[in-house]
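Enquirer:
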Amino acid sequence: MNAVTLDHLSKTYPGGRQAVDSVSLTLEPGEVFGFLGPNGAGKTTTVKLLNGMLTPTRGSLRVFGLDPAAAPEKVHALSGVVTEHAQMYDHLTGLDNLIFYGALFGLDIPESRRRGQKLLAQMELSDAENVKLAAYSTGMRQRLSLARALLHRPSILFLDEPTSGLDPESAQKVHAMIRRLAAEQGCTVFLCTHQLRYAQEICTRYGLMEEGRLLAQGTLESLQARVGSGITLKLRLSSLPAFLEKRAVSLGEHLFALPIRTENEIPELVRQIAADGKDIFHVQAELPTLEDIYFALTNRPKETL
Amino acid sequence: MRSSIFNGQALAIIKKDIAAIVSNRRMFLALLIVPLVLTVIVPTVFLLILHFVPEETADFQKLLELMPIESQPREMPKTLINLLLNYFLPIFFLIIPVMAASVMAASSFVGEKEKRTLETLLYGPLSLKEIFYAKVMASFLLSMAVSVLSFAAMLLVLEIESGLLLGFLAAPKVTWLLIMLLVSPAISLIAVTLIVRFSAKAQSIEDAQQSAIFLLLPILLLLVGQFTGVLLLSGWLLLALGLVCAAAAALLLKRSLHRFQYETLLQ
Ligand SMILES: Nc1ncnc2c1ncn2[C@@H]1O[C@H](COP(=O)(O)OP(=O)(O)OP(=O)(O)O)[C@@H](O)[C@H]1O
Ligand SMILES: [Mg+2]
C-alpha cells in the first residue's frame, strides 16, 4: 500500500484562491519526500488536506489507504504533524506537555514519560524537561514539537517547515535527527520546505511545487536528467588550452567552468589538457543542485526562493 | 459513541483543562469567591440579624403571610430559617454552576486557538465530536464540583450557626435533592454547551465571553424566575420542569456535536 496517494487533488479556498491545482503523486512507505516550493506554492494547504483540516475541492487523496476527509481521526492516529501553527502549552513543562499528548494518543503516564524522556534526550532537551515551555527558545520548541510528533510512533511524519526560525546550526541538528529517525524507525516523511539546500541533504525524492501546481517529481538523479543540464567541470589551470577556448567559460584568474555531459568525459579531457602542456591544480565535477533544477524548471531568478 | 466518550483520551483533555484552571491560583480564587459569598456570607448575615435584632422579624412576619407556608408566631425564627434554606438559597444553585463554568467554557476552544494549541489538539486521534464533548464535560464537571462544595459549605455553616445562635437545626427539604441532582446540573449543562459553542465560533476570548453574557444572561434570568415560582408551588412541578431542562440539555448537546468542522474551527 502507498503511504500517500494524491490523485488530481485541488483546493480552492472560499475566497476563490486556488492553492492546490490538480496535484497527483504517490509516496512509498519509508520514503523521505521533499515537498518543495516558494512561499504560497501550496505546501501547507496540501499538508492540511492530508490531515483532514481542509476538504478537497476536487480530486482524492489517501494516507495509508484512509481518506482524511472522511476519517481524519484515523489518519491522525498514524501520523505525526509538525507545523508552525501547532504549538504546545506554555504553562506546562516540556515533559508534562509530552505526557499530555501521550495520553491524547492513548498512552498511559509511565509509558508516555518513558518515551518522552527518551525523545527529549534524542532532541538534546533533557536539561529542559522540567522547564516550562514559556522559557523555551524557538529552536527548543521546534525540537519538542518533533518529539511530540514522534511520541506515538507514527507511520508517517508531516513536517511543515520544521526548521523555520532556526539558526543554521540548529537547523542542521534537526535535519540530522529527521534523517536518523526516518532510517531507524522506517517512518515515512513528508517534508515541506523552501530551503532546497537542506532538503537535498535528507530527502530521497522530491516534488517541486509552483503556484499550486506540481512542476516535477522524482529522485535527484531523475530530476537532474530531466533538466538535462549535465555536469559543470570546475578547473584551475595555468592557462586555458586552445582546444577549449570555445567551450569553457572563464570564472576568474586561472579558473574555468566547462559544461560536459557525463563523468566519463573527464579522464580523457584531463589527459588532453596535460598533453597540451598546461598545469592542472584543481578539477571538480559539479552536478546541478536542487536549486539549479528548480530555477531551470521555473526560469525564476534565484532570489525568489 | 457513548462508550468512547469517557475513554482515557477524552479524559486527558478534561483533566488538562481542569488542571489549568485549578493551577492558576488567581483564576481559581475568583471562581470560588462569588459562590462562597452567596452561600456562606448571605445566610450568616441573615442569621445574625435574626439573633441580634429580633425586632426586625416583624417585617418578615408580613413576608411570611404572603407565602404558602403555615407558621405559628412562636416558631417564627425556625420558620424563617427553613424558609431561607429551602426557598431562597436554592435559587443560588441555579446561578452558581453557570457562573463557575462560564469562564472556562468561554475559553475552551478560542483560548486554545489564541495560544495556537488548538491545531495540535485537532491533530490528535480524537474526532471533533469527542473533543467537543470533552470540552463541555470539563467545564460541566468543574461547575458541579463548585456547586457541591458550595452546598456543603453552606449547609455546614448554616447548621453550626443555627445550632449555636438559635438553638435548633435547620431542616433541608427533599427538594434540595432535586435541585442538586437534576435542575442545577441540567441548567449548567445547557449553559456550558451554549458557551462552548460560542467559544468554537469566536475569534477571541472576549468575543466568546460577550456572547455568553448577552445571549445567555436573559435566558438564565428567565429560568431562575420560573424556578423561583415553581419552588414555592410544588415539588412535582419542580421535578417536571427539571426533567424538561435535562431533556433540553441532552438534545442541545447531541445536536451541537454535529455542528463543527475543522475548517470552521481553524478560521
Ligand atoms: N485560509 C486561507 N484562505 C484563503 N487563502 C489561503 C488560505 N491559506 C492559504 N491561502 C492561500 O493559498 C496559497 C497557498 O498557501 P500555502 O499556505 O499552502 O502556501 P505554502 O506553500 O505553505 O507557503 P509558505 O512557504 O509561505 O508557507 C497562498 O496564495 C495563500 O495566500
Ligand atoms: Mg506553509
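Protein sequences appear in the order of chains V and F. So the first sequence is numbered by the numbering used here: it starts at 2 and just counts up by one. So the second sequence is numbered by the numbering used here: it starts at 24 and just counts up by one. By construction, the Cβ of each residue, glycine as well, lies at the ideal position given by its N, Cα and C atoms.
(1) Find the nearest neighbour of L244/F within the set W259/F, S222/F, I210/F and A271/F, judged by alpha-carbon distance.
(2) Within the continuous beta strand (DSSP E) that includes R206/V, where are the two ends?
(3) Give me the Cβ distance between A150/V and V82/V, rounded to the nearest whole Å; I'm assuming they're in contact under 8 Å.
(4) How would the residue list near ligand 1 read, in chain order, if you kept each one whose beta-carbon is closer than 6 Å to any heavy atom?
(5) Give the secondary structure of H153/V by DSSP, where H, G and I count as helix, E and B as strand, and everything else as coil.
(6) With H, G and I counted as helix, E and B as strand and the rest as coil, what does DSSP make of Q218/V?
(7) Does the segment 186-199 of chain V come close enough to the segment 99-113 of chain V that 3 or more CB-CB pairs lie under 8 Å?
(8) Shorter than 8 Å from the beta carbon of Q88/V to some beta carbon of chain F?
(9) Specify the secondary structure class of V21/V as computed by DSSP and reduced to three states.
(10) Looking at the structure shown, is S11/V part of a helix, part of a strand, or coil, going by DSSP?
(11) Would you say R278/F lies against chain V (beta-carbon separation less than 8 Å)?
(12) Buried or exposed: which applies to S61/V, given that a residue is buried once 16 or more other Cβ atoms fall within 10 Å of its Cβ?
(13) Using a 10 Å radius around the Cβ and a threshold of 16 neighbouring Cβ atoms, would you call H9/V buried or exposed?
(14) Compare the C-beta of P289/V with all C-beta atoms of chain F and state if any pair is closer than 8 Å.
(15) What residues in the segment 51-77 of chain V have a beta carbon less than 8 Å from any beta carbon of chain F?
(16) Checking contacts by CB at 8 Å: is E137/F closer than that to chain V?
(17) Using the Cα positions of M160/F and I37/F, report the straight-line distance between them to the nearest angstrom.
(18) Which of the residues in the segment 121-149 of chain V, read from start to end, lie with their CB under 7 Å from any CB of chain F?
(19) Just to confirm, are L134/V and M178/V a CB contact at a threshold of 8 Å?
(20) Sorry if obvious, but does the Cβ on E211/V come closer than 7 Å to a heavy atom of ligand 2?
(21) Determine the DSSP secondary structure at C268/F, reduced to helix, strand or coil.
(22) Among residues of its own chain, excluding the 5 on either side of L93/V, which ones have a beta-carbon nearer than 8 Å to its beta-carbon?
(23) For the segment 147-174 of chain F, enumerate the residues whose C-beta is nearer than 7 Å to any C-beta of chain V, in chain order.
(24) Quick check on T13/V - is its C-beta less than 8 Å from some C-beta in chain F?
(25) At 8 Å on the CB atoms, spell out the chain V contacts of L52/F, in chain order.
(26) Determine the chain F residues that contact V82/V at a beta-carbon separation under 7 Å, and present them in chain order.
(27) If you run the structure through DSSP and keep just helix, strand and coil, what is R180/V?
(28) Taking 8 Å as the CB-CB cut-off, is D91/V touching chain F?
(29) Does P169/V pass the burial test, meaning 16 or more other C-beta atoms within 10 Å, or should it be called exposed?
(30) Is the segment 161-170 of chain F touching the segment 196-212 of chain F in the sense that three or more CB pairs, one from each, lie closer than 8 Å?
(31) Which residues mark the beginning and the end of the beta strand (DSSP E) in which H283/V is found?
(32) In angstroms, rounded to a whole number, what distance separates the CA positions of Y295/V and K136/F?
(33) Which residue's Cα is closest to the Cα of L352/V: D161/V, A276/V and T290/V?
(34) Taking just the CA atoms, how far does A129/F sit from I41/F?
(35) Hey, how far is the Cα of A286/V from the Cα of N265/V?
(36) Mind checking if K39/F is an interface residue toward chain V, Cβ cutoff 8 Å exclusive?
Expert: Put simply:
(1) Numbered from 1 along the second sequence, position 221 holds the residue referred to as residue 244/F. Measuring from the Cα of L244/F, the nearest candidate turns out to be I210/F.
(2) Looking up residue 206/V in the first sequence gives position 205. Looking at the DSSP string, the run of the beta strand (DSSP E) that includes R206/V is R206 to E211.
(3) Numbered from its first residue, the first sequence carries residue 150/V at position 149. Numbered from its first residue, the first sequence carries residue 82/V at position 81. Indeed, because the Cβ distance is near 6 Å, the residues count as touching under 8 Å.
(4) Y14/V, G16/V, R18/V, A20/V, G38/V, N40/V, G41/V, A42/V, G43/V, K44/V, T45/V, T46/V and H195/V
(5) Against the first sequence, residue 153/V aligns to sequence position 152. Collapsing the DSSP output to three states places H153/V in coil.
(6) As a position in the first sequence, residue 218/V is number 217, starting the count at 1. Assigned with DSSP and collapsed to three states, Q218/V falls in strand.
(7) Touching, no.
(8) Taking the first residue of the first sequence as position 1, residue 88/V is located at position 87. Yes, Q88/V lies at the interface with chain F (some Cβ there is under 8 Å from its Cβ).
(9) On the first sequence, residue 21/V is found 20 positions in, with the first residue counted as 1. Strand.
(10) The count along the first sequence starts at 1 and reaches residue 11/V at position 10. Strand at S11/V.
(11) Taking the second sequence and counting its residues from 1, one reaches residue 278/F at position 255. So, not an interface residue.
(12) Along the first sequence, one-based indexing puts residue 61/V at 60. Exposed, by the Cβ-count rule.
(13) To locate residue 9/V, count along the first sequence from 1; it is residue 8. When all chains shown are included, H9/V counts as exposed.
(14) Position 288 of the first sequence, counted from the start, is the residue given in the question as residue 289/V. Closer than 8 Å: no.
(15) N52, G53, M54, L55, T56, P73, E74, K75 and H77
(16) In the second sequence, the residue the question calls residue 137/F occupies position 114. So, not an interface residue.
(17) For the purposes of this step, residue 160/F is taken as the residue at position 137 of the second sequence. For the purposes of this step, residue 37/F is taken as the residue at position 14 of the second sequence. Near 7 Å, if we compare the C-alpha coordinates of I37/F and M160/F.
(18) none
(19) Here residue 134/V refers to the residue found at position 133 when the first sequence is read from its first residue. Here residue 178/V refers to the residue found at position 177 when the first sequence is read from its first residue. Not in contact: L134/V and M178/V (Cβ atoms no closer than 8 Å).
(20) Stepping through the first sequence from its first residue, residue 211/V is reached at position 210. Because no heavy atom of ligand 2 lies under 7 Å away, the Cβ of E211/V does not count as near it: no.
(21) Taking the second sequence and counting its residues from 1, the one referred to as residue 268/F is at position 245. Helix at C268/F.
(22) By 1-based counting over the first sequence, the position of residue 93/V is 92. Correct list, in chain order: F101, K133 and L134.
(23) G147, P148, L149 and S150
(24) One-based indexing of the first sequence puts residue 13/V at position 12. No, T13/V lies away from the interface with chain F (no Cβ there is under 8 Å from its Cβ).
(25) What you label residue 52/F is simply residue 29 of the second sequence in a count that begins at 1. Correct list: empty, because the minimum Cβ distance to chain V is about 17 Å.
(26) As a first step, residue 82/V must be located in the first sequence, where it is residue number 81. Ordered by position in chain F, the residues that pass the 7 Å Cβ test against V82/V are Y146.
(27) On the first sequence, position 179 is the one that residue 180/V refers to. Correct three-state label for R180/V: helix.
(28) As a first step, residue 91/V is located in the first sequence; it is residue number 90 there, counting from the start. Interface with chain F (8 Å Cβ-Cβ cutoff): D91/V is included.
(29) Within the first sequence, numbered from 1, the residue matching residue 169/V stands at position 168. Answer is exposed; the Cβ neighbour count stays below 16.
(30) yes
(31) Numbered from its first residue, the first sequence carries residue 283/V at position 282. Where H283/V is concerned, the enclosing beta strand (DSSP E) stretches over I281 to E287.
(32) Taking the first residue of the first sequence as 1, we reach residue 295/V at position 294. Taking the first residue of the second sequence as 1, we reach residue 136/F at position 113. So the alpha carbons of these two residues sit roughly 36 Å apart.
(33) What is shown of chain V runs 2 to 306, which leaves residue 352/V out entirely.
(34) Taking the second sequence and counting its residues from 1, the one referred to as residue 41/F is at position 18. Taking the second sequence and counting its residues from 1, the one referred to as residue 129/F is at position 106. Those two C-alpha atoms are separated by around 14 Å.
(35) Here the question's residue 286/V lines up with position 285 in the first sequence. Here the question's residue 265/V lines up with position 264 in the first sequence. In a straight line, the C-alpha of A286/V is about 11 Å away from that of N265/V.
(36) Indexing the second sequence from 1 puts residue 39/F at position 16. Judged by the 8 Å Cβ criterion, K39/F is in contact with chain V.
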